[in-house]
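Okay, so here's the structure we're looking at.
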Amino acid sequence: MNVFRGIAEFKEWRAKVPQGVSVGFVPTMGALHNGHAALLARSSQESDITILSIFVNPTQFGATEDLSRYPRTIEDDLALARRLRVDAVLLPEVSDVYPDGYSTSVSENVVSEPLCGIFRPGHFEGVATIVLKLFLWVKPNTAYFGLKDAQQFFVVQKVVRDLDLDIKICGVETIREVSGLALSSRNRYLSKNAQELIAPKIFLHLNQLKDAALERQLNEALLADAKNALTKLGFLVQYLEARTLPALGVPSPDDLLSTDLVIAFAGILEGTRLIDNVLVLHRFRKIS
Ligand code: PAF
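Heads up: the sequence shown begins at 1 in the working numbering, then just goes up one per residue.
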């Protein structure tokens, strides 16, 4: 496995990958878990070579967020990448990505606005900018994103469409603990009780709302009840909302009954911010 700690060597290597070899790309911030492994496995199945990037991108963290304590487990990450037969790992330095005087960013202004866009101002601009920069270096045919960050997936898909990039954006289903808790690098901050008993209730409620939507019974009152139930369990709920796909618009009461939706949650438990969502696809639509 090739490990590139600087961008110059990576670019040299990438330039030698023959035309016609399909490149799958998994961008990450490290602290890899089975959710990332699923992205890498999918890429290996579908592409001739797989490139992984690990970069904790400072511009997507707000001033009060957890950048400094974001887990960094590089040796374990490289061991996992080796086991999964990743072909190349790109570990850019902050100075590679944002050299002195850097002053360019990419902002998508519709899909980025609601949900996490309200609670994490500037977050999706940071994500869109780093993802575009990585795409320009890696030149993938297909890039893989976890659907746990559904809004991120739809923002990236929109940027790629708007800028007419020839890259397929593939959303990979969320990997969960048996309890239903979505895997996340941040779960390690939760107490055992929160991990095993409280946090799994997010998925329980999301699933109940999804069932209601599929039975064409979803309404604002059911969403409010689920939000209250999670608040009573100790979550500081930031949002629990249904939004239309793929632009994440506000659904009308009719949309709640018949339109493809994401039902998305964000909340803080024991000081740790957790997000999760379920997709409601009425017409056997596949997301990618
Ligand atoms: O999902 C993540 O880990 C990050 O937001 C990403 C896509 C690697 C950009 O920094």
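All residues carry an ideal CB built from backbone N, CA and C; glycine is no exception. Everything numeric in this text was worked out from a predicted model, so none of it was measured.
With C-beta atoms as the reference, is Val237 less than 8 Å away from Gly271?
Gly271 sits away from Val237, with the two beta carbons spaced by 8 Å or more.
Output the distance between the C-alpha atoms of Thr231 and Ala79, rounded to the nearest integer angstrom.
39 Å
Hey, which unbroken runs of the alpha helix (DSSP H) at 4 residues or more fall wholly within the region 28-79?
34-46
Which residues share a DSSP beta bridge with Glu241?
Ala264
Is there contact between the region 137-153 and the region 169-187, where contact requires at least three CB pairs shorter than 8 Å?
yes
Starting from Val97 and walking both ways along the beta strand (DSSP E), at which residues does that stretch end?
No beta strand (DSSP E) holds Val97; the alpha helix (DSSP H) holding it covers Val94 to Val97.
Write down the C-beta distance between Phe55 and Pro92 rounded to the nearest angstrom, noting that I regard them as a contact closer than 8 Å.
The C-beta distance from Phe55 to Pro92 rounds to 5 Å, short enough to meet the 8 Å contact threshold.
Counting along the chain, where does the alpha helix (DSSP H) carrying Lys210 start and finish?
Lys201 to Leu214
Do you know how far the Cα of Leu248 is from the Cα of Gly126?
19 Å
Quick check: the region 106-120 against the region 149-160, are at least 3 beta-carbon pairs closer than 8 Å?
yes
Go ahead and label Val178 buried or exposed: buried means 16 or more other beta carbons lie within 10 angstroms of its beta carbon, across all protein chains shown.
exposed
Which of the three DSSP states is assigned to Lys289 in this structure?
Since the first residue shown for the chain is 1 and the last is 288, residue 289 is missing from the structure and cannot be characterised.
Taking the straight line between their C-alpha atoms, what separation do you get for Phe61 and Thr259?
32 Å
When DSSP builds the beta bridges, which residues end up paired with Arg176?
Paired residues: Ala182.
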